[in-house]
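Residue numbers (my numbering), protein chains in the order written: chain A, 63 to 334; chain B, 63 to 334.
Next up, the structure:
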């Protein structure tokens with residue numbers, strides 16, 4: 063299977079990380095397009111691609127076009143490309159959203175373009191180091207063959223772990239990703255603020271609690287969440303939980319977050 | 063400053079990890095004691111220490127005794143040792159609890175033993191690899207000099223980042239650690255169950271979401287939680303949040319956890 067030439071539309075966090083990873087893995091990045099021409103030019107220069115004036119122009123230059131744009135932009139962008147492109151022979155287009163199936167690409171499909179979903183179950187920084195998050199990441203794929211095979215190969219080539227997203231309830235799947243990626247960040251932020259209010263310096267609170275988060279993730283590599291869970295809720299130490307809740311009385315919302323997560327933690331530990 | 067000889071009372075997760083780390087760093091582990099004689103003997107053998115029949119016997123053999131026991135055992139154990147030990151000259155004893163100050167060691171202090179707190183802000187697996195979580199971990203210290211200096215040196219020797227716990231509100235500090243260490247595990251468990259209910263296989267859900275958690279922690283090394291936060295709450299994408307909440311309607315508690323964390327995420331993003 064030959065490696066298809068790639069167009070990236072949307073030089074943001076995910077689009078940039080994928081462009082870099084694919085190029086490093088031997089793919090030719092033929093074109094980059096974006097709403098902000100400067101960002102598109104900059105990424106294009108870095109991955110030796112042509113910046114294009116239009117999204118359809120990017121699709122014309124490549125076999126596989128990646129729409130790395132916000133969820134609500136996918137459908138209008140696909141429609142715009144479908145209306146202005148010249149030929150669809152041998153063209154494929156995918157989006158990167160975990161929350162959407164292939165429906166927002168329907169206008170491209172109707173115009174003869176093969177469509178699919180390529181969802182890295184990962185979160186990326188803006189900086190070039192973001193590409194380091196890709197190896198080992200699960201990458202959900204939804205497409206008909208032969209595009210499915212081609213995307214599976216691309217996922218593997220960049221060090222990802224491809225899996226099939228067809229038939230998966232995207233809303234529940236996406237909510238699961240949000241719980242882990244977004245709400246862990248929020249828990250850390252709340253914990254940092256709490257530690258500071260306890261008398262710990264800002265940098266010490268961030269560095270120390272982030273190292274604790276990393277240690278927690280380390281522990282989970284070789285065990286299940288249920289086995290990895292420690293702390294007062296796992297031990298059934300109600301008096302410590304009550305002391306924590308009392309200390310959070312000045313912030314009823316955070317107190318409620320703590321109480322609910324203590325309840326779920328105990329439930330996890332007691333599950334058979 | 064000479065390295066003090068060490069006694070470990072409580073060969074559990076934290077006690078074992080510290081015994082291994084201290085020995086690797088050139089400390090002599092003189093004694094190990096524990097309620098379960100087999101566990102104590104096994105750790106003693108590994109770190110070339112003497113297993114002792116009593117906790118007081120362990121303290122007699124070492125300059126620095128580490129009480130690596132559950133919070134509610136610290137005070138009775140300290141009292142038991144104080145009553146049966148022969149001499150306190152040059153002896154120090156610390157506990158590892160982040161939730162307690164030096165008060166539970168009062169009976170040892172009254173008997174002439176220097177007392178302190180040595181709290182690794184970290185979570186440890188049972189397995190020997192747990193020792194790998196120590197380097198880079200913040201280690202909170204509360205003691206009068208010269209014990210404070212000695213503990214600071216020991217924390218540094220094992221690769222930790224010592225900081226001063228005196229004057230810190232232990233309840234809020236400990237609650238912060240629980241939010242990060244325990245409730246991140248619980249969020250991951252909830253997300254894994256949710257992804258499975260969406261149609262993802264069990265191992266793929268665990269591996270994929272754990273890699274997402276690791277990527278999230280990676281991102282936070284070079285940025286603040288506020289900057290690292292992405293997702294629907296950070297974007298103010300209320301329709302996606304509502305779809306997630308609808309999908310969680312069959313589990314009102316988890317739905318409430320999601321709603322509260324979405325609210326806190328938005329608050330974090332909007333903070334000035």
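Glycine is no exception: its CB is placed at the ideal position from the N, C-alpha and C atoms. These numbers were taken from a predicted model, which means no experiment stands behind them.
- Secondary structure of residue 260 of chain A (DSSP, three-state): helix.
- Approximately 5 Å separates the beta-carbon atoms of residue 103 of chain B and residue 113 of chain B; this is inside 8 Å, confirming the contact.
- DSSP links residue 133 of chain B through a beta bridge to no other residue.
- For residue 294 of chain B, the chain A residues whose C-beta falls within less than 7 Å of its own C-beta are 240, listed in chain order.
- Between residue 266 of chain A and residue 124 of chain B, the C-beta gap is not smaller than 8 Å, which leaves the two residues out of contact.
- Here the C-alpha atom of residue 324 of chain B lies approximately 8 Å from the C-alpha atom of residue 303 of chain B.
- The C-beta of residue 97 of chain B comes no closer than 8 Å to any C-beta of chain A.
- With a threshold of 8 Å between beta carbons, residue 306 of chain A makes contact with chain B.
- Between residue 262 of chain B and chain A, the shortest Cβ-Cβ separation is below 8 Å.
- In the three-state scheme derived from DSSP, where H, G and I count as helix and E and B as strand, residue 305 of chain A is classed as helix.
- Under the Cβ criterion of 8 Å, residue 215 of chain B is not counted among the residues facing chain A.
- Residue 332 of chain B counts as exposed, since fewer than 16 other C-beta atoms from the protein chains shown sit within 10 angstroms of its C-beta.
- Taking every protein chain shown into account, the CB of residue 107 of chain A has fewer than 16 other CB atoms within 10 angstroms, so this residue is exposed.
- Residues of chain B with a Cβ closer than 9 Å to the Cβ of residue 244 of chain A are, in chain order, 278, 291, 292, 293, 294, 295, 296, 323, 324, 327.
- The beta strand (DSSP E) runs of length 3 or more contained entirely in the segment 120 to 188 of chain A are, from start to end of the chain, 126 to 129, 154 to 157, 176 to 182.
- With a cutoff of 8 Å on beta-carbon distance, residue 233 of chain B and residue 271 of chain A are scored as not near each other.
- Here residue 198 of chain A carries a coil assignment [DSSP, helix/strand/coil].
- In the structure shown, residue 109 of chain A adopts coil according to DSSP, grouped into three states.
- Following the DSSP letters along the chain, one finds residue 223 of chain B inside the beta strand (DSSP E) bounded by residues 223 to 226.
- Look at residue 115 of chain B here: in three-state DSSP terms it is coil, with no helix or strand label.
- By the criterion of a C-beta distance shorter than 6 Å, residue 93 of chain B is surrounded in its chain by 69, 111, 112, 114, 120, 123, 124, once the five residues flanking it on both sides are discounted.
- Look at residue 287 of chain A: its C-beta is under 8 Å from a C-beta on chain B.
- In this structure, residue 175 of chain B and residue 207 of chain B do not form a Cβ contact; the two beta carbons are roughly 16 Å apart against a cut-off of 8 Å.
- Non-local C-beta neighbours of residue 147 of chain B in its own chain, meaning closer than 6 Å and more than five positions away in sequence, comprise 118, 121, ordered along the chain.
- When Cβ-Cβ separations below 8 Å define contact, residue 162 of chain A makes no contact with chain B.
- Against residue 205 of chain B, chain A offers no close residue; the least beta-carbon distance is about 17 Å (beta-carbon pairs closer than 9 Å).
- In the DSSP secondary-structure assignment, residue 204 of chain B is bridged to B:179.
- Chain B has no Cβ within less than 8 Å of the Cβ of residue 82 of chain A.
- Annotated three-state conformation of residue 242 of chain B is helix, per DSSP.
- Boundaries of the alpha helix (DSSP H) harbouring residue 290 of chain A: 287 to 290, taken from the DSSP string.
- Beta-bridge annotation (DSSP): residue 220 of chain A is not paired with any residue.
- For residue 93 of chain B, the uninterrupted beta strand (DSSP E) run begins and ends at 91 to 95, by DSSP.
- Rounded to the nearest whole angstrom, the C-alpha separation of residue 170 of chain A and residue 160 of chain A is 19 Å.
- Neighbours of residue 195 of chain B in chain A, taken as residues at a C-beta separation under 7 Å, are given in chain order as 277, 280.
- The beta carbons of residue 274 of chain B and residue 327 of chain B sit no closer together than 8 Å.
- When the alpha-carbon of residue 88 of chain B is set against those of B:217, B:310, B:229, B:190, the nearest one is in B:217.
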